[in-house]
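Colleague: Below is one structure. I have some questions about it.
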Amino acid sequence: MKWIKRGLLFDPTKYTLANYCHEFAQAPYALVFDDFIRIYFSTRQKDTNIGKFKSYISFVDFDKNFSEVLNISSKTVIELGELGSFDEHGIFPINMLRHNNKIYAYTCGWSRRISVSVETSTGLAISEDNGVSFTKIGSGPILTSSLNEPVLVGDSFVKYYDSVFHMWYIFGKKWFKAQQDESPARVYKIAHAISYDGLNWKKDEGKQIIEDKLNRDECQALPTVIKINNRYHMYFCFREATDFRKNKERGYRLGYAWSDDLIRWNRDDANAGIEFSELGWDSQMMCYPNLFECNGKIYLLYNGNEFGRFGFGLAELSEV
Amino acid sequence: MFTWQKEGRIFNPAEIKDRPWLKEFAQAPSSLIFDDFVRVYFSCRPPADENGKYISYSAYVDLNKKNLFEILRVSNTPILELGDLGTFDEFGTYPVSVIKYENEILAYYGGWTRCESVPFNVAIGYGISLDGGETFEKVGDGPILSYSIDEPFIISGPKIRRFNNQWYLFYIAGKKWILDEGNPEPVYRIRMAISEDRINWRKTNKDLIETKVDINEAQASPDVFFYKGKYHMFFCYRHGTNYRSSKNGYRIGYAYSDDLLNWVRDDSKAGIDISDKGWDSEMISYPHVFEIDDSIYMLYLGNKVGKNGFGLAKLLSYQP
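First to last, the sequence lines map onto chains H and E.
Residues 5 to 324, numbered by my numbering, are exactly what the first sequence covers, in order.
Residues 298 to 617, numbered by my numbering, are exactly what the second sequence covers, in order.
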């Protein structure tokens with residue numbers, strides 16, 4: 005794969021966002037309309053009482069040449085959950101799917117824990133107003149922890165191929181403390197589930213589908229899949245389990261795998277075709293990729309340094 | 298109408314001196330009948346930590362089948378280990394329900410984790426005993442029954458049953474958290490799931506028991522047995538707020554059914570209430586009914602939801 009970088013596309017600090025959010029435009033997800041491209045992302049509201057953040061979904065509309073911002077969401081796109089719910093403290097990331105004239109949003113809901121920082125599950129919300137706002141189908145999740153996926157189910161990415169819904173998602177294998185005085189670190193892997201209605205899912209319980217490259221504790225996140233000719237291509241991000249926030253050598257970068265049958269995936273990072281820039285917004289980290297097609301071209305959205313604090317950028321596929 | 302004769306308190310955890318993990322509480326009794334003795338599983342706690350927070354374990358006491366007031370043994374260790382860092386049962390295994398099936402003894406239990414905005418969350422775990430019911434090995438690090446669209450949190454209070462070659466799990470599911478003088482308190486209702494293989498459960502997604510005292514009534518301990526051509530359920534219920542008082546605290550309710558899914562609540566037939574004075578004079582809860590040699594007994598908790606142990610009642614008569 006070969007990509008031409010088009011640079012930083014959206015910097016959230018230059019705009020006024022809904023929900024008192026400021027900084028961070030994480031995990032961009034593009035939904036193509038007739039006249040524009042809507043890019044959803046997760047931004048953050050500071051929870052002033054305790055100095056933590058809550059993630060909210062917003063969107064920005066671009067023209068199809070990405071030359072102009074046409075619109076930014078001015079209202080809450082999806083409400084966070086009520087007291088005690090799985091998505092009380094944030095939704096990040098989100099994934100859209102058009103189905104039966106509606107837009108399905110698969111959400112990764114966050115709620116805070118005591119012994120570890122967070123737990124996540126996947127929820128479902130539906131839009132009937134062309135993606136401006138979404139209503140949850142219930143207050144609980146559609147996919148959550150289970151016998152062999154004990155924690156941190158999330159990052160769901162859904163595609164509809166040959167009458168079957170396919171979901172790639174992540175599940176946590178464990179939390180651990182590398183040092184007694186450190187906050188707990190987590191390990192998560194990419195897995196696959198299928199569904200015939202988009203609602204009831206059958207997981208391939210506890211099965212990691214992308215092999216590790218770094219070591220057993222490699223963290224893999226945010227799978228995105230696209231079909232080109234007859235091959236499926238997946239991008240994702242991966243990092244070391246610890247010391248990954250500021251250490252470039254251990255932080256997120258993009259990985260790549262391909263499959264011809266949606267069952268066996270061949271990891272081939274060497275052919276990802278995209279790397280850190282020498283300088284600038286994506287020189288220290290690359291994460292949270294999203295692949296999409298528009299007007300016959302294939303694009304990649306992704307976050308750069310500091311997990312997308314200063315926005316997301318765009319690349320265009322030049323060669324397969 | 299059931300008519301019960303109270304026999305008195307049968308087990309008081311304060312009398313157990315040499316087990317630091319079994320210091321307070323003996324909650325949610327659940328029986329397993331052996332040839333010579335009745336094993337009663339229950340949940341207990343070491344003293345609270347410096348923040349007033351408890352963890353809970355489960356244990357058993359063996360009672361002489363010919364004289365249930367004679368204690369033969371108390372388990373030397375908890376029957377289940379607490380979960381690893383960040384997992385659903387890191388802070389408690391309570392309550393537990395045990396059943397013999399062919400050559401195995403199976404346990405379903407509530408696993409407790411601690412949350413930030415509300416004090417806890419619960420999901421149901423599964424273990425198998427390889428030593429005759431003294432201890433149980435977990436089948437996985439995650440839960441076997443967890444949150445879903447209409448059951449957003451607090452999946453707890455399992456009671457495993459087998460009727461007509463099918464597995465039934467009666468349990469409770471949280472509806473919402475409400476604030477009682479600023480403190481979050483959970484509202485939960487009785488639900489049921491069905492399985493062919495004990496692992497994969499199909500939720501019926503229905504509140505089995507209508508509310509009686511309060512729109513925020515909480516119901517627990519759905520204890521189902523078949524007797525004289527009908528299914529009977531004893532359970533307990535409380536008001537939504539101020540339920541640590543005697544007035545709003547737990548009482549025992551009753552319902553009957555022909556098909557396990559549709560239940561008629563008729564508390565006037567329960568035939569058991571609080572005593573005028575003594576260990577069960579303020580509240581009664583967590584009923585469990587079992588049969589020995591054609592006699593029917595009920596174990597139940599008294600004041601402070603089992604802080605001072607559980608007692609026994611014997612069925613004198615039943616008129617449909």
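Even for Gly, the Cβ is constructed at its ideal location relative to N, Cα and C.
Note that the coordinates shown come from a computational prediction; the quantities given were computed from them, not determined experimentally.
#1: With C-beta atoms as the reference, is H:Asn307 less than 8 Å away from H:Gln49?
#2: Starting from H:Phe311, follow the alpha helix (DSSP H) in both directions and report where the run begins and ends.
#3: What are the start and end residues of the beta strand (DSSP E) that includes E:Gly422?
#4: Roughly how many angstroms lie between the CA atoms of H:Phe314 and H:Ile230, to the nearest whole one?
#5: Quick one: which unbroken beta strand (DSSP E) runs of 3-plus residues sit fully inside the segment 56 to 94 of chain H? Chain order, please.
#6: DSSP beta-bridge partners for H:Ala195?
#7: What did DSSP end up calling E:Ala311 once you bin it into helix, strand or coil?
#8: Counting along the chain, where does the alpha helix (DSSP H) carrying E:Gly269 start and finish?
#9: So, is E:Gly439 buried or exposed, given that buried needs 16 or more other C-beta atoms within 10 angstroms?
#10: Just how far apart, CA to CA, sit H:Ile118 and E:Tyr338?
#11: DSSP three-state label for E:Asp477, please.
#12: In chain order, what are the residue ranges of uninterrupted beta strand (DSSP E) at least 3 long that sit wholly in the segment 488 to 517 of chain E?
#13: Ignore the nearest five residues each way along the sequence and tell me which others in E:Pro317's own chain have a CB closer than 7 Å to its CB.
#14: Between the alpha carbons of H:Leu321 and H:Lys9, how many angstroms are there, rounded?
#15: Does the separation of the CB atoms of E:Phe322 and E:Gly599 fall below 8 Å?
#16: Can you check which of these residues, H:Arg249, H:Lys56, H:Ser263, is closest to H:Arg3 by C-alpha distance?
#17: Applying the 10 Å Cβ sphere with the 16-neighbour rule, what's the burial state of E:Met298?
#18: Select from the segment 442 to 460 of chain E all residues with a C-beta closer than 7 Å to any C-beta belonging to chain H, and list them in chain order.
#19: Using the beta-carbon of each residue, which ones in chain H are nearer than 8 Å to E:Val436?
#20: Are the C-beta atoms of H:Ser115 and some chain E residue less than 8 Å apart?
#21: How big is the Cα-Cα spacing for H:Leu74 and E:Phe388?
#22: How about H:Thr111 and H:Ala22: are their beta carbons less than 8 Å apart?
#23: So what does DSSP say about E:Ser443, is it helix, strand or coil?
#24: Does the CB of H:Phe90 have a neighbour CB from chain E at under 8 Å?
#25: Among the residues of its own chain, which have a CB less than 6 Å from the CB of H:Pro227, if the five just before and after it don't count?
#26: Less than 8 Å separating the beta-carbons of E:Ser518 and E:Pro455?
#27: Which residue comes first and which comes last in the beta strand (DSSP E) that contains E:Asn461?
#28: Figure out for me which residue from E:Thr390, E:Leu369, E:Val586, E:Tyr468 has the closest Cα to the Cα of E:Gln516.
#29: Within 8 Å (strictly less), CB to CB, does H:Gly144 reach chain E?
#30: Say whether chain E places a C-beta atom closer than 8 Å to the C-beta of H:Phe138.
#31: Using the three-state DSSP reduction, which class does H:Ala274 fall into: helix, strand or coil?
#32: Any Cβ of chain H within less than 8 Å of the Cβ of E:Trp474?
#33: Between the alpha carbons of H:Glu27 and H:Leu13, how many angstroms are there, rounded?
#34: What are the start and end residues of the beta strand (DSSP E) that includes E:Tyr357?
#35: For a test of the three-state rule: what should DSSP assign to E:Asp564, helix, strand or coil?
#36: Where does H:Arg346 land, buried or exposed, given buried means 16+ other C-beta within 10 angstroms?
Modeller: For this structure:
#1: Locating residue 307 of chain H in the first sequence gives position 303, counting from the first residue. Locating residue 49 of chain H in the first sequence gives position 45, counting from the first residue. Taking 8 Å as the Cβ cut-off, H:Asn307 and H:Gln49 do not qualify as a contacting pair.
#2: In the first sequence, the residue the question calls residue 311 of chain H occupies position 307. Here the alpha helix (DSSP H) through H:Phe311 covers 309 to 312.
#3: In the second sequence, residue 422 of chain E corresponds to position 125, counting from 1. Start and end: 417 to 426.
#4: Here the question's residue 314 of chain H lines up with position 310 in the first sequence. Here the question's residue 230 of chain H lines up with position 226 in the first sequence. Cα to Cα, the separation comes out at about 26 Å.
#5: 56 to 66, 73 to 76
#6: The residue you call residue 195 of chain H lines up with position 191 of the first sequence. Paired residues: H:Tyr173.
#7: Working through the second sequence from its first residue, we reach residue 311 of chain E at position 14. In the structure shown, E:Ala311 sits in a helix (DSSP, three-state: H, G or I).
#8: Missing from the structure shown is residue 269 of chain E; chain E here goes from 298 to 617 and no further.
#9: Residue 439 of chain E sits at position 142 when you count from the first residue of the second sequence. Answer is buried; the Cβ neighbour count reaches 16.
#10: Translated into the one-based positions of the first sequence, residue 118 of chain H becomes position 114. Translated into the one-based positions of the second sequence, residue 338 of chain E becomes position 41. Spanning the two alpha carbons is a distance of roughly 29 Å.
#11: For this step, residue 477 of chain E is matched to residue 180 along the second sequence. Note: E:Asp477 maps to strand in three-state DSSP.
#12: 498 to 500
#13: In the second sequence, residue 317 of chain E corresponds to position 20, counting from 1. The residues are Pro343.
#14: Within the first sequence, the letter at position 317 stands for residue 321 of chain H. Within the first sequence, the letter at position 5 stands for residue 9 of chain H. Whole-angstrom Cα-Cα distance: 9 Å.
#15: Numbered from 1 along the second sequence, position 25 holds the residue referred to as residue 322 of chain E. Numbered from 1 along the second sequence, position 302 holds the residue referred to as residue 599 of chain E. Their beta carbons are not under 8 Å apart, which means E:Phe322 does not touch E:Gly599 by this criterion.
#16: This structure cannot settle anything about residue 3 of chain H, because the visible part of chain H is limited to 5 through 324.
#17: As a working note, residue 298 of chain E is residue 1 in the second sequence. When all chains shown are included, E:Met298 counts as exposed.
#18: Ser443, Tyr444, Ser445, Ile446, Asp447, Glu448, Pro449, Phe450
#19: If you number the second sequence from 1, residue 436 of chain E lands on position 139. Chain H residues near E:Val436: Leu151.
#20: The residue given as residue 115 of chain H occupies position 111 in the first sequence. At least one chain E Cβ lies under 8 Å of H:Ser115.
#21: One-based indexing of the first sequence puts residue 74 of chain H at position 70. One-based indexing of the second sequence puts residue 388 of chain E at position 91. C-alpha separation (whole angstroms): 50 Å.
#22: Translated into the one-based positions of the first sequence, residue 111 of chain H becomes position 107. Translated into the one-based positions of the first sequence, residue 22 of chain H becomes position 18. No. Outside cutoff.
#23: Start at 1 with the first residue of the second sequence, and residue 443 of chain E comes out as number 146. It is coil, neither helix nor strand.
#24: Translated into positions along the first sequence, residue 90 of chain H becomes position 86. Interface residue, yes.
#25: Along the first sequence, one-based indexing puts residue 227 of chain H at 223. Result list for H:Pro227: Phe161, Trp172, Ile194, Met238, Phe240, in chain order.
#26: Within the second sequence, residue 518 of chain E is the residue found at index 221, counting from 1. Within the second sequence, residue 455 of chain E is the residue found at index 158, counting from 1. Result no, Cβ atoms of E:Ser518 and E:Pro455 do not sit closer than 8 Å.
#27: Position 164 of the second sequence, counted from the start, is the residue given in the question as residue 461 of chain E. Neither: E:Asn461 is in no beta strand (DSSP E) and is coded neither H nor E.
#28: Here the question's residue 516 of chain E lines up with position 219 in the second sequence. Measuring from the Cα of E:Gln516, the nearest candidate turns out to be E:Tyr468.
#29: The count along the first sequence starts at 1 and reaches residue 144 of chain H at position 140. Yes, contact with chain E.
#30: As a position in the first sequence, residue 138 of chain H is number 134, starting the count at 1. Not closer than 8 Å to any Cβ of chain E, the Cβ of H:Phe138 fails to qualify, so no.
#31: For the purposes of this step, residue 274 of chain H is taken as residue 270 along the first sequence, with counting starting at 1. If DSSP states are grouped into helix, strand and coil, H:Ala274 belongs with the helices.
#32: Sequence index remark: in the second sequence, residue 474 of chain E carries index 177 (1-based). Yes, E:Trp474 counts as interfacial toward chain H.
#33: Position 23 of the first sequence, counted from the first residue, corresponds to residue 27 of chain H. Position 9 of the first sequence, counted from the first residue, corresponds to residue 13 of chain H. The straight-line gap from Cα to Cα measures roughly 14 Å.
#34: As a working mapping, residue 357 of chain E is identified with position 60 in the second sequence. 354 to 361 is the span of the beta strand (DSSP E), which, as asked, contains E:Tyr357.
#35: The residue given as residue 564 of chain E occupies position 267 in the second sequence. Note: E:Asp564 maps to helix in three-state DSSP.
#36: This structure cannot settle anything about residue 346 of chain H, because the visible part of chain H is limited to 5 through 324.
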